[in-house]
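Each remark here refers to the structure printed beneath this line.
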Amino acid sequence: MKSQLYISEPSPSCPFRVEAVQYIPASPCEDGFTLVFLHAMSLHKETFEPMLDHLLAVSTKIKDVWSIDNPNHGRSSVLNQKLLSTPSYREYWSAAEFARAIYSFLSSSVHGVDFSARRLVGLAHSSAVSALMLLLRDKEFSSSPKSRLNFASLILLDPALLPPQFPSTIILSNMFGKFASTKRDKWPTRAAAHKYLAAHPAFKIWDPRALRLFVDCALRDSDSGSEVVLSCSRAQEAGFYLSPTADYKARPVEIFVELTRTDELPIHIITCLKDEYRGQTLPSKEFQIAQVKTTTRGSVQLMERGGHMFPQVEPALCADAIQRALASTAGETKARL
């Protein structure tokens with residue numbers, strides 16, 4: 001597959017520069033789907049590359065793929081470091097900031113693509129699902145014709161859609177906030193970071209290429225240049241989970257329920273019931289599965305291996321599951337025509 005980087009400049013909807021990468025299959029389907037991938041917290045836009053290598057080799061339904069950085073992650077964090085270091089953002093982040101960045105990039109002219117004319121499939125992993133929900137239904141993104149994106153379906157990868165009334169949501173928010181605020185965030189070199197992460201219980205099960213991409217893309221040089229640090233700071237990640245006004249829970253869940261109730265587009269969930277969080281994700285996953293099962297065009301696929309990070313741990317299995325969801329969407333679209 002070929003790839004090309006694009007950077008959108010700050011806009012009225014987003015104060016940040018946003019970098020995205022376009023992947024083009026060796027034999028693109030000109031009337032096929034345009035996939036828009038959104039990564040989880042603490043990751044980066046290139047994290048899907050091992051999975052995409054497999055997906056683009058087996059799928060004939062894809063025109064191209066776009067993966068968009070959360071602007072305080074990956075290479076985008078380097079572009080935005082000055083603003084991210086201000087008091088407004090130093091210990092704060094939100095799902096809405098990612099949604100604004102996605103909207104800003106897709107509606108920009110830097111790439112020369114009219115995404116409103118594309119057959120889009122939105123794919124999001126973990127907390128990025130909240131940003132995708134806000135993009136689809138929040139009034140902030142509904143005032144311009146450019147916001148009327150033609151999503152043919154949504155594919156949600158182990159979505160962190162956490163109903164705020166569930167006791168497990170409070171437990172998980174505190175757990176993720178503690179993980180974020182206490183994890184190691186700097187190393188003398190990238191080689192040292194790779195050695196440390198390759199032995200870490202959370203990372204050593206990753207596909208080797210996914211781990212290498214994390215070291216290359218989820219870390220940046222420190223301001224002094226004497227070490228490498230996490231692109232998404234511990235303070236910002238912890239602030240995302242622990243803020244009293246955290247927006248990744250109530251409104252995204254409301255939108256998800258509305259989308260399943262109206263059954264207006266297929267929603268495909270790919271999830272793993274074996275989590276790494278003492279089973280605390282099970283109530284929210286059972287809720288998500290039950291909602292999708294009320295629809296006529298959605299689907300649920302259960303991953304047997306990989307846990308919450310299965311796109312990085314089992315990229316080929318993840319690609320196969322995505323291909324099945326795409327095939328379902330393609331067949332449903334053809335039937336409607």
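Residue numbers (the UniProt record's numbering): 1 to 337.
Ideal Cβ positions, reconstructed from N, Cα and C, are used throughout, including at glycine.
Could you pull the DSSP bridge partners for residue i from this structure?
i	result
Gln-301	Ile-270
Cys-14	Ser-11
Ser-67	Val-21 and Phe-37
Asp-31	None; Asp-31 has no bridge partner.
Ala-124	Leu-38 and Leu-156
Lys-2	Ile-24
Val-228	Trp-187 and Asp-221
Ile-62	Phe-33
Phe-151	Leu-120
Please classify residue i as buried or exposed, where buried requires at least 16 other C-beta atoms within 10 Å of its C-beta.
i	result
Leu-337	A caution first: Leu-337 carries a pLDDT of 33, below 50, which makes its placement in the model too unreliable to give a value.
Val-129	buried
Ser-109	exposed
Asp-31	exposed
Gly-74	buried
Arg-261	exposed
Ser-13	buried
Lys-249	buried
Asn-150	exposed
Gly-112	exposed
Ala-117	exposed
Leu-154	buried
Asn-174	exposed
Gln-291	buried
Ala-124	buried
Thr-329	buried
Pro-145	Because Pro-145 carries a pLDDT of 46, less than 50, the predicted location of this residue cannot be relied on, and no value is offered for it.
Ala-131	buried
Gln-312	buried
Asp-69	buried
Ala-319	buried
Ser-222	exposed
Tyr-196	exposed
Ser-88	exposed
With residue i and residue j assumed to form a contact (beta carbons below 8 Å), what rounded beta-carbon distance in angstroms separates them?
i	j	result
Gln-236	Asn-80	Not a contact, Cβ separation roughly 11 Å.
Ser-104	Ser-8	6 Å
Ile-270	Met-303	6 Å
Ser-231	Ser-59	So it is not a contact: roughly 30 Å between Cβ atoms.
Asp-263	Val-229	In fact, because the Cβ distance is near 45 Å, the residues do not count as touching under 8 Å.
Ile-267	Leu-273	Between Leu-273 and Ile-267 the Cβ distance is about 18 Å, and since that is not below 8 Å, they are no contact.
Leu-43	Ala-218	6 Å
Ala-321	Gln-301	5 Å
Leu-83	Pro-15	6 Å
Taking Cβ to Cβ, would you say residue i is nearer than 7 Å to residue j?
i	j	result
Glu-227	Pro-188	yes
Val-215	His-200	no
Gly-133	Pro-252	Residue identity check: residue 133 is Met in the sequence provided, not Gly. Yes, these two residues count as a Cβ contact at 7 Å.
Gly-177	Leu-242	yes
Gly-239	Glu-91	yes
Asp-247	Ala-96	yes
Ile-24	Lys-2	yes
Arg-119	Phe-33	yes
Leu-106	Val-65	no
Glu-314	Arg-305	yes
Ser-181	Arg-234	yes
His-39	Thr-47	yes
Ala-99	Leu-135	yes
Ile-255	Arg-137	yes
Ala-101	Val-121	no
Pro-50	Ser-168	no
Pro-172	Gln-280	The amino acid occupying residue 172 in the given sequence is Leu; Pro does not appear at that position. It is a contact, given that the beta carbons lie within the stated cut-off.
Phe-203	Leu-211	yes
Met-41	Ser-94	no
Compute the minimum distance between the beta carbon of residue i and the heavy atoms of the ligand ADP, and state whether it is under 6 Å.
i	result
Thr-34	Looking at this structure, you won't find the ligand ADP or any other ligand, since it has none at all.
Is there contact here, the region 207-225 with the region 20-31, by at least three beta-carbon pairs under 8 Å?
no
Whether or not the region 284-294 and the region 161-172 are in contact is what I'm after, with contact meaning three or more pairs of Cβ atoms, one per stretch, closer than 8 Å; do they touch?
yes
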